[in-house]
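Reviewing the structure listed below.
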Amino acid sequence: MSTTTARKASPRKAGAKKAAAPAAADAPVDETKEAPASAGAPSPYPDGTALFEFTTSDGYVVQFPKYSEITPPTRQFWWALYQLDETFQAFEWMDWAGVPKEIQLRVVGLGDDEYKAVFDAWFADSKLTAGE
Numbered sequence: 001m002s003t004t005t006a007r008k009a010s011p012r013k014a015g016a017k018k019a020a021a022p023a024a025a026d027a028p029v030d031e032t033k034e035a036p037a038s039a040g041a042p043s044p045y046p047d048g049t050a051l052f053e054f055t056t057s058d059g060y061v062v063q064f065p066k067y068s069e070i071t072p073p074t075r076q077f078w079w080a081l082y083q084l085d086e087t088f089q090a091f092e093w094m095d096w097a098g099v100p101k102e103i104q105l106r107v108v109g110l111g112d113d114e115y116k117a118v119f120d121a122w123f124a125d126s127k128l129t130a131g132e
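Residue numbers (full-length UniProt numbering): 1 to 132.
Laid out in structure tokens, this is it:
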């Protein structure tokens, strides 16, 4: 009589699962098309934060903490900012000021002229002049 050794069966490969159709809630959302914030909308900042507001051409109210009220930048911040391309400097400023990412996304989605106008108006509160 011959003896054979039993072999362990190879695990079966699982069949490919069909991807479920994405639910409406999972569908991509164009975050820049949300309803405009009204002038009386609740602030995304802590109570008592003095706000800078800029109303865009589509009626969205950009809210940043007033420039004169944010923590003054450190020398390290200025050094890091100096290293950045001008395109990215505004992102650093918004992060420094604690601007929520949702607001940052709306601002970077503005047209060039309006984008520049937001920052020109926000920085006007600094009362700095060229060379300071």
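All C-beta atoms, glycine included, are put in the ideal place defined by N, C-alpha and C.
Taking 8 Å as the cut-off, decide whether the C-beta atoms of residue i and residue j are in contact.
| i | j | result |
| --- | --- | --- |
| THR55 | LEU110 | no |
| PRO65 | THR49 | yes |
| PHE52 | TRP96 | no |
| GLU92 | LEU105 | no |
| ILE103 | PRO42 | no |
Reducing DSSP to helix, strand and coil, say where residue i ends up.
| i | result |
| --- | --- |
| ALA24 | Because the pLDDT of ALA24 is 47, which lies under 50, any placement of that residue in the model is unreliable, and the question is left without a value. |
| LEU105 | helix |
| VAL99 | coil |
| THR87 | helix |
| LYS17 | Any reading at LYS17 must be qualified, since the residue scores a pLDDT of 49, below 50, and its modelled position is unreliable; no value is offered. |
| LEU110 | coil |
| ALA124 | helix |
| SER68 | helix |
| ASP47 | coil |
Between the Cα of residue i and the Cα atoms of the options, which residue gives the shortest distance?
| i | options | result |
| --- | --- | --- |
| VAL61 | PHE77, VAL107 and LYS116 | VAL107 |
| ASP125 | SER43, GLU69 and GLY59 | GLU69 |
| VAL99 | PHE119, LYS127, ASP58 and GLN76 | PHE119 |
| PRO46 | GLN63, GLY59 and ASP58 | GLN63 |
| TYR67 | GLY59, MET94, LYS101 and ALA117 | MET94 |
What residues are listed by DSSP as bridge partners for residue i?
| i | result |
| --- | --- |
| PHE119 | The partner list for PHE119 (beta bridge, DSSP) is empty, contrary to what the question assumes. |
| THR55 | VAL61 |
Cβ of residue i versus every heavy atom of the ligand PLP: is any distance shorter than 7 Å?
| i | result |
| --- | --- |
| PHE123 | Absence of the ligand PLP is noted for the structure shown, with no ligands found whatsoever. |
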